[in-house]
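Novice: Here's a structure for you.
2 protein chains.
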Amino acid sequence: MTLETLETTQNFTEFRQQAVSRIETVLQDLLPNDHTLPARLHAAMRYSTLGGGKRIRPLLVYASGLCLGIAPEQLDRPAAALEMIHAYSLVHDDLPAMDNDDLRRGLPTCHKAYDEATAILVGDALQAQAFVVLSEPGWGVEPDWQVRMLAVLAQAAGSRGMVGGQAIDLAAVGHELALPALEQMHLHKTGMLIRCAIQLSLCAVGITETSEQGALLLQYADRVGLAFQVQDDILDEIGDLQQTGKALQGADRSRNKPSFVTLLGLREAQNYAHRLLEEALTALHGWKHEADHLRALARLIVERNK
Amino acid sequence: MTLETLETTQNFTEFRQQAVSRIETVLQDLLPNDHTLPARLHAAMRYSTLGGGKRIRPLLVYASGLCLGIAPEQLDRPAAALEMIHAYSLVHDDLPAMDNDDLRRGLPTCHKAYDEATAILVGDALQAQAFVVLSEPGWGVEPDWQVRMLAVLAQAAGSRGMVGGQAIDLAAVGHELALPALEQMHLHKTGMLIRCAIQLSLCAVGITETSEQGALLLQYADRVGLAFQVQDDILDEIGDLQQTGKALQGADRSRNKPSFVTLLGLREAQNYAHRLLEEALTALHGWKHEADHLRALARLIVERNK
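Top line first, the protein sequences correspond to chains A and B. For the record, in the first sequence the residue sitting at position 10 is 10 according to the numbering used here, with numbers rising by one throughout. For the record, in the second sequence the residue sitting at position 102 is 1102 according to the numbering used here, with numbers rising by one throughout.
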């Protein structure tokens, strides 16, 4: 496979295009081939992972890697593993017993394109595949840091990470949540995987989370993670059908889900997103142009319209 | 926590009781506490994992460990991680979109005791927790073998292992399968996790799969794994409601699922199970009394009545 090169000297648009193209190629290579048995499961795994999505988490892995001077080759598997966890969570989230969504990015969700049993297995298999991808030997990190990568991914994915956030979210439907509780929920539901993107980069270069660089990058990640969710709630309120590819406007509100917009109002939620963006940028003050892609990525996340 | 001791000098009944008690204590300790948030998810994870089950996979880990001279302390986490993968697979298998079972071991299945969305998340979180448990640092194996343990578990759980077997099974409902195809399905669906029990023990002591000991123990595992499934099909045919805790007799046949009994007939399936048992025991010929628990375990699997 030929992979796009990634450089700090590229402009952000170019970096972004190349990184999205690169992770697509890497995922194609690291997902099971749909000519091997069970072919239908493998096809459904590829359907649910390839060919779309903003690839925010891989972009964060590659951009923080550039910031720390890590070659993209060292980051391909962590970025792919993280995106597989994200992809599996969407497949299960869309199930009838969960959010019951028929469309994602304008295409039928996995259980609509295939069937519900297959969608359950697709999510299960994608999670396992993320750990397969990270645990294979000899792709470039020392075993002790490889174990650490596996640990941060497993923790970020589990009941005290992403899945825990989904459970809190589920319990919150129909209830009023105060701002701290809403933030806790999102810190887990989306924040932990975004934080994990930075943790994986730190592992790839062997920097601890408590070092100055580590702590600042994680501060960046936490602000960006929360800003991402605030913007999501804003888009859910104002975004139109075509742009978000979701079937309903104001879908969260119609389901009586707590959101930053219902809690703060639209205007204050927008202010909050921008305050978080400023704090994320402040954490990057010590870096020069090598952090430019991370800065642009934070802006993209807050200023995106889908 | 106080753990039961395991010795080759115990009789098998005593070993089995102590090992089942030991894995229960270890699982209690390694599952998230149900006083920590999200409490309902954690309670459902514990409900689905603790307090029952034959614990065949942990028994295989401990018994093969004794055979290789490994202290049980080195095997607690591998055994627990493997059992968590098994427990998650049962929770997802029981879902309405899959086997739609209301009872397991005479108790309500997870989606009946809680709800369907929680059961999906319980399975997801248990899978992640298995990798959390194995990837934590400093519990006694070198990092390179720890990575290998994570790799064998992820492969055994994924689309070319257990989940792949479930997908083949799903596709086979309502179809005739020839014996080789049926064996392939079970080799994946149950065989890979049973094989994984042995692989984890080999990793704990640093023995490769291609060594003489490794190859023989894996041969044992493959025969036992298949025998386990043949016996499962036999019990499905003849077992009574009370003993299996399942809601229906002949449930597989009533759903038109391929089984060794429908394919071979009851008598020939029983002969086949015993032939596999003999082959499993043959693989252990080179060991003396230190393999006695493995031998007894193989007999238990074939001669069990639930």
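In this text, a Cβ means the ideal position worked out from N, Cα and C, and glycines have one as well.
From the DSSP output, in three-state form, read off residue 304 of chain A for me.
Specialist: Here DSSP, grouped into helix, strand and coil, assigns residue 304 of chain A to coil.
Novice: Ignoring anything shorter than 4 residues, give me the alpha helix (DSSP H) runs that lie fully in the segment 1031-1082 of chain B, in order along the chain.
Specialist: The segment 1031-1082 of chain B contains these whole alpha helix (DSSP H) runs: 1039-1049, 1056-1067.
Novice: Whole-angstrom Cβ separation of residue 1078 of chain B and residue 1221 of chain B, contact assumed at under 8 Å?
Specialist: Actually they do not touch by this definition, with Cβ atoms about 14 Å apart.
Novice: Identify, in the order they occur along the chain, each residue of the same chain with its Cβ nearer than 6 Å to the Cβ of residue 1048 of chain B, setting aside the five sequence neighbours on each side.
Specialist: 1087, 1091, 1110, 1122
Novice: Could one say the Cβ of residue 1158 of chain B lies closer than 8 Å to chain A's Cβ atoms, at least one of them?
Specialist: Yes, contact with chain A.
Novice: Pull the bridge partners of residue 1299 of chain B from the DSSP assignment, please.
Specialist: BP columns for residue 1299 of chain B are empty, so no partner.
Novice: According to DSSP, is residue 1104 of chain B helix, strand or coil?
Specialist: strand
Novice: Going by other Cβ atoms of all chains shown within 10 Å of its Cβ, with 16 needed for buried, is residue 1083 of chain B buried or exposed?
Specialist: buried
Novice: Determine the burial state of residue 1167 of chain B: buried for a count of at least 16 other Cβ atoms within 10 Å of its Cβ, exposed for fewer.
Specialist: buried
Novice: Suppose you measure from the CA of residue 1175 of chain B to the CA of residue 1258 of chain B; what does that come to, to the nearest Å?
Specialist: 7 Å
Novice: Give the secondary structure of residue 1229 of chain B by DSSP, where H, G and I count as helix, E and B as strand, and everything else as coil.
Specialist: Reduced to three states, the DSSP call for residue 1229 of chain B is helix.
Novice: Below 7 Å between beta carbons is the criterion; list the residues of the segment 73-104 of chain A that meet it against any residue of chain B, in chain order.
Specialist: 92, 95, 97, 98
Novice: In chain order, what residues of the same chain have a beta carbon less than 7 Å from the beta carbon of residue 295 of chain A, not counting five sequence neighbours either side?
Specialist: Once the five neighbours on either side are set aside, the close Cβ partners of residue 295 of chain A are 281, 284.
Novice: Are the C-beta of residue 1205 of chain B and some C-beta of chain A separated by less than 8 Å?
Specialist: So no, residue 1205 of chain B is outside the interface.
Novice: What are the start and end residues of the alpha helix (DSSP H) that includes residue 1003 of chain B?
Specialist: Taken as a continuous stretch (DSSP letters only), residue 1003 of chain B belongs to no alpha helix (DSSP H), as it is neither H nor E.
Novice: Determine, using beta carbons only, whether residue 1211 of chain B and residue 1064 of chain B come nearer to each other than 8 Å.
Specialist: no
Novice: What's the call for residue 129 of chain A, buried or exposed, on a 16-neighbour Cβ count within 10 Å?
Specialist: buried
Novice: Here's the rule: buried if 16 or more other CB atoms are within 10 angstroms of the residue's CB, otherwise exposed. What is residue 1230 of chain B?
Specialist: buried
Novice: Taking CB distances under 8 Å as the criterion, tell me whether residue 1194 of chain B reaches chain A.
Specialist: no
Novice: What number of angstroms, rounded off, separates the C-alpha of residue 101 of chain A from the C-alpha of residue 11 of chain A?
Specialist: 36 Å
Novice: List in chain order: all unbroken alpha helix (DSSP H) runs of 4+ residues lying wholly within the segment 133-158 of chain A.
Specialist: Fully enclosed alpha helix (DSSP H) runs of 4 or longer: 143-157.
Novice: From the beta carbon of residue 1144 of chain B, is the nearest beta carbon of chain A less than 8 Å away?
Specialist: yes
Novice: Do residue 1199 of chain B and residue 1183 of chain B have their C-beta atoms closer together than 8 Å?
Specialist: no
Novice: Taking 8 Å as the CB-CB limit, is residue 311 of chain A close to chain B?
Specialist: Absent from the structure is residue 311 of chain A, since the part of chain A shown begins at 1 and ends at 306.
Novice: Kindly list the residues whose CB is nearer than 6 Å to the CB of residue 74 of chain A, restricted to its own chain and excluding five residues on each side of it in sequence; keep chain order.
Specialist: 140, 204
Novice: So what does DSSP say about residue 1029 of chain B, is it helix, strand or coil?
Specialist: helix
Novice: Checking 8 Å against the spacing of the C-beta atoms, do residue 26 of chain A and residue 76 of chain A come in under that value?
Specialist: With a cutoff of 8 Å on beta-carbon distance, residue 26 of chain A and residue 76 of chain A are scored as near each other.
Novice: Am I right that residue 1223 of chain B and residue 1276 of chain B are in contact with their C-beta atoms under 8 Å? What's the rounded C-beta distance?
Specialist: With a Cβ gap of about 5 Å, residue 1223 of chain B and residue 1276 of chain B count as contacting.
Novice: Cβ closer than 9 Å: which chain A residues qualify as neighbours of residue 1124 of chain B?
Specialist: 88, 89, 92, 123, 124, 127, 157, 158, 159, 162, 163, 166
Novice: In whole angstroms, give me the CA-to-CA distance for residue 1142 of chain B and residue 237 of chain A.
Specialist: 51 Å
Novice: Within 8 Å (strictly less), CB to CB, does residue 1135 of chain B reach chain A?
Specialist: yes
Novice: Starting from residue 1201 of chain B and walking both ways along the alpha helix (DSSP H), at which residues does that stretch end?
Specialist: Residue 1201 of chain B -> alpha helix (DSSP H) spans 1192-1205.
Novice: So which residues of chain A does residue 1237 of chain B contact, with C-beta pairs closer than 8 Å?
Specialist: In chain order: nothing, as chain A lies at least about 24 Å away.
Novice: Taking C-beta pairs closer than 8 Å, name the residues in chain A that residue 1038 of chain B reaches, listed in chain order.
Specialist: 159, 164, 167, 168, 171
Novice: Would you say residue 1042 of chain B faces chain A, with C-beta separation under 8 Å as the test?
Specialist: yes
Novice: Apply the 10 Å Cβ neighbour rule to residue 137 of chain A and answer buried if 16 or more other Cβ atoms are within range, or exposed otherwise.
Specialist: That one is exposed.
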